[in-house]
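Remarks on the structure that follows.
Residue numbers (the numbering used here), protein chains in the order written: chain B, 1 to 627; chain U, 628 to 699.
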C-alpha cells in the first residue's frame with residue numbers, strides 16, 4: 001500500500017504495483033498513430049523548452065531559483081502542478097471508486113488551509129530571508145546541524161521517491177498501454193534529465209505549467225461526458241444509490257463520527273488535526289519540492305499570491321479525479337453489458353492467469369474473490385478463464401473511463417496528461433534535489449569556496465547523477481518489492497517533525513539552535529519508530545490511531561500528529577533549558593523580530609487577503625454542500 | 628518572462644493549437660467518413676470536433692497574445 005502520503009499530501013493509494021507487472025494479458029488501451037503523434041509532440045515540446053531556456057540559466061540564481069522572475073500565476077500553477085502527479089490522479093480516482101467523496105478531503109481540508117497559511121503568514125519569512133531552500137531557512141534559524149539533518153533526509157527522500165515514481169509510471173504504462181518497462185523508464189528519465197539539466201528550475205517550472213494545462217485538457221472530458229451520460233449530478237447520485245445501496249458515497253463529513261462508520265476507517269479528529277494540520281501544513285508549507293516554486297516569484301506580493309492562486313485550482317482538481325471514480329461506479333461495463341466491478345490489486349494478483357488463460361492458482365484466486373462483492377457469475381467466469389473476464393483494479397478506474405470516452409487523438413491527449421503528471425512530479429523531485437544538494441550539502445560541507453559557475457555545474461551534474469540514481473532505485477524496487485513501502489513512508493516520517501521545527505522557529509523567538517537540531521533529529525527517529533512499530537506488528541495500529549476499528553489509512557494521519565506533538569514539546573523543553581539567540585539576530589527569520597517590507601499600494605482586488613477570503617468562503621461552501 | 632524572451636504562455640498556446648488542429652481534423656474525418664472508433668461511447672456528440680475546436684481557439688488566443696516580439 002502506498003499509504004496515505006506517498007509522494008505528496010495527495011497520497012495515491014496505488015498499492016502493490018510490482019505484482020501487476022506480470023498481469024495485464026492485454027493492455028487497457030490501443031494507441032493509434034494519431035495518439036502516438038500527440039504524445040511525441042509533447043516530448044518534443046518539453047525538450048525544446050529545455051534547450052530554449054538553457055541560455056537563461058547561466059548563474060546559480062537563474063539555474064536554482066529561476067532568476068526569481070516568476071509571476072504569481074506561473075509560480076502558483078507550478079506550485080500545484082508539482083504536486084499533481086499521475087499517481088495522485090489515478091490513485092484518488094480509485095479511492096473515490098472505493099470510498100466515495102470522502103477522498104475529496106485530501107484535496108480540500110488536506111490542502112487549502114495550509115496553502116492559504118503559507119501565502120498569508122509564512123511566505124514573508126521564507127522570502128525576506130532570501131533563503132534558497134527550506135533546509136537553508138533552518139540553517140539561518142537553527143544553524144548548520146539542523147540544516148544538515150533536513151538536507152540529507154530531504155535529498156535522500158527526493159531521489160528515492162523519484163525512482164519509485166519512475167517505476168510506478170513504467171508499471172502503469174505497461175498495464176494501460178502494454179509498453180515495455182525499460183522503455184518507459186529510459187524515455188521519461190532522459191526527457192526529464194534533458195529539460196531540467198539544461199534549463200534548471202525555470203525549465204522545470206515552465207514545463208509544470210504546460211503539464212498542468214495538458215492534464216486539464218486531457219482529463220476534463222471524462223467527467224463532462226460521464227455526467228452527460230448519467231444525467232448530471234442528480235442522476236449520478238440516484239444511480240449510485242441504486243447500484244450501491246448507500247448514500248455515504250456523497251458525504252464528506254457525516255460518517256466520520258466513528259472509525260467504523262465509514263469505509264476509510266478514519267475519524268474526523270484524524271482528518272482535521274492529522275491530515276488538515278500535521279500532514280497538510282507539513283507538506284504545503286515545509287516541503288521544499290513545492291515551496292521552491294513559490295520562492296522563484298519575482299516579488300513578495302507574487303510569492304504570497306502564488307499559493308492562493310494555486311488553491312483555487314487545487315479545489316477544482318476533484319472534478320477531474322474524484323468524479324471519474326464516482327462515475328466509474330455506475331458507468332463501467334463488462335463487454336456483455338453488465339456492471340464492471342473493480343477490485344483490489346491483491347485480488348488481481350491472486351488471479352493472475354497462466355498461459356492457458358485460467359488463474360495460475362485457482363484456490364488463491366477463489367479465496368481472494370470471496371472477500372469482494374464480485375457476483376458468483378463473475379467469479380465463475382474468472383476461474384474458468386472465460387474471454388473478457390479479466391479483472392481490473394480500483395486504480396484503473398481513470399484509464400478505463402478514458403478508454404470509454406476518448407477516441408483517437410483524444411486518448412493520446414489523455415495518456416499525455418498521465419505522462420505529463422509523472423514527469424512533472426519527477427522533475428520536481430530532481431530539481432529540488434539538485435538545489436538542496438548544491439546549496440545545503442555540497443557548498444557548506446564539501447566546497448565552500450567554489451565560483452558561481454562551479455555551483456551551476458555541480459547543479460547540472462547533480463541532476464544527471466540524481467536521475468541515474470533514480471533509475472537505479474527504480475530497478476531496485478523492481479527486484480525487491482518490499483522496499484517500496486519503506487520509501488513511500490519516508491515522506492510522512494520526515495514531514496511532521498520538520499513542520500514542528502519550522503513553525504516554532506518561525507513564530508517563537510525563544511526556540512534555540514540546540515532545540516531545533518535535537519527536536520528535528522529525535523522527532524524523525526520517533527516518527528520512524530512509530531512506523532516500524534506498526535510495520536512489525538500491525539496490531540499496534542490501534543494504539544497509534546486510537547481505535548480497534550482504525551484502518552491503515554488512519555495510520556499516517558495519527559502518526560504525523562503524534563510526531564508533530566512530540567517534536568514540538570521536545571523543542572519547547574530544550575529551548576527552555578538552553579540560551580536563546582539575541583532577538584536582533586532573528587530579524588527576517590522570526591515573527592515578532594522582523595520588520596516586514598512595506599508593499600506598494602494596490603487595489604483591493606489585487607491583494608492576497610482579498611483572494612484568500614474568497615478561497616476560504618468557497619472552501620466552506622463546498623464542504624457544506626457535500627457535508 | 629521579460630523583454631524579448633518567449634513567455635511560457637506562447638509555448639502552451641502553440642501546443643494547444645497543434646493538438647486542436649490534429650483532434651479537430653480527426654473529428655471532421657470521423658464525421659465525413661462515418662468511421663468511428665470501436666468501443667468509444669457518445670460518438671454522436673462528436674467530441675473531437677468541439678473539444679479540438681476549443682483547444683485550437685484557446686491555443687491561437689495564447690499564441691497571438693504572447694507571440695515573441697510583441698511588447699508585453
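By construction, the Cβ of each residue, glycine as well, lies at the ideal position given by its N, Cα and C atoms.
Proximal residues of chain B, C-beta to C-beta of residue i below 7 Å
i, result
"residue 675 (chain U)", "407, 409 and 410"
"residue 649 (chain U)", "34, 37, 38 and 409"
Minimum Cβ-Cβ distance from residue i to chain U less than 7 Å
i, result
"residue 254 (chain B)", "no"
"residue 404 (chain B)", "yes"
Per-residue burial, residue i [other beta carbons within 10 Å of its own, 16 or more giving buried]
i, result
"residue 183 (chain B)", "exposed"
"residue 592 (chain B)", "exposed"
"residue 197 (chain B)", "buried"
"residue 92 (chain B)", "buried"
"residue 610 (chain B)", "exposed"
"residue 292 (chain B)", "buried"
"residue 556 (chain B)", "buried"
"residue 258 (chain B)", "exposed"
"residue 696 (chain U)", "exposed"
"residue 506 (chain B)", "buried"
"residue 661 (chain U)", "exposed"
"residue 359 (chain B)", "buried"
"residue 256 (chain B)", "buried"
"residue 230 (chain B)", "buried"
"residue 601 (chain B)", "exposed"
"residue 139 (chain B)", "buried"
"residue 131 (chain B)", "buried"
"residue 180 (chain B)", "exposed"
Chain B within 7 Å of residue i, Cβ atoms only
i, result
"residue 683 (chain U)", "no"
"residue 693 (chain U)", "no"
Chain U residues whose Cβ lies nearer than 9 Å to that of residue i
i, result
"residue 479 (chain B)", "The contacting residues do not exist; residue 479 (chain B) stays about 37 Å from chain U at best."
Proximal chain U residues relative to residue i, where beta-carbon distance stays under 8 Å
i, result
"residue 413 (chain B)", "646 and 650"
"residue 217 (chain B)", "643, 646 and 682"
7 Å Cβ cut-off: residues of chain U touching residue i
i, result
"residue 74 (chain B)", "635"
Rounded Cβ spacing between residue i and residue j (contact assumed at less than 8 Å)
i, j, result
"residue 421 (chain B)", "residue 85 (chain B)", "5 Å"
"residue 664 (chain U)", "residue 408 (chain B)", "6 Å"
"residue 64 (chain B)", "residue 459 (chain B)", "6 Å"
"residue 224 (chain B)", "residue 626 (chain B)", "Not quite, the Cβ-Cβ distance comes to about 19 Å (not below 8 Å), so this is no contact."
"residue 109 (chain B)", "residue 309 (chain B)", "Wrong, their Cβ atoms sit about 19 Å apart, outside the cutoff."
"residue 436 (chain B)", "residue 288 (chain B)", "6 Å"
"residue 53 (chain B)", "residue 199 (chain B)", "3 Å"
"residue 104 (chain B)", "residue 252 (chain B)", "6 Å"
"residue 504 (chain B)", "residue 511 (chain B)", "5 Å"
"residue 364 (chain B)", "residue 350 (chain B)", "5 Å"
"residue 303 (chain B)", "residue 294 (chain B)", "5 Å"
"residue 89 (chain B)", "residue 321 (chain B)", "6 Å"
"residue 159 (chain B)", "residue 469 (chain B)", "5 Å"
"residue 60 (chain B)", "residue 456 (chain B)", "5 Å"
Compile a chain-ordered list of the residues in the stretch 629–646 of chain U whose CB is closer than 8 Å to at least one CB of chain B.
629, 632, 633, 635, 638, 639, 641, 642, 643, 645 and 646
In the stretch 20–51 of chain B, which residues sit with their C-beta less than 9 Å from some C-beta in chain U, listed in chain order? 32, 34, 37, 38, 41, 42, 45, 48 and 49
Review point. Quick one, which residues of the stretch 654–675 of chain U are near chain B if we go by CB-CB under 9 Å, in chain order?
Key: 654, 657, 663, 664, 666, 667, 668, 669, 670, 672, 674 and 675
Contact residues within the stretch 199–212 of chain B, judged by C-beta distance below 7 Å to chain U:
206, 209 and 210
**Asked** Between the stretch 219–238 of chain B and chain U, which residues of the former have a C-beta closer than 8 Å to a C-beta of the latter?
**Response** 221, 225, 228 and 229
Scan the stretch 51–62 of chain B for residues whose Cβ lies nearer than 8 Å to a Cβ of chain U and list them as they occur along the chain. 52 and 56
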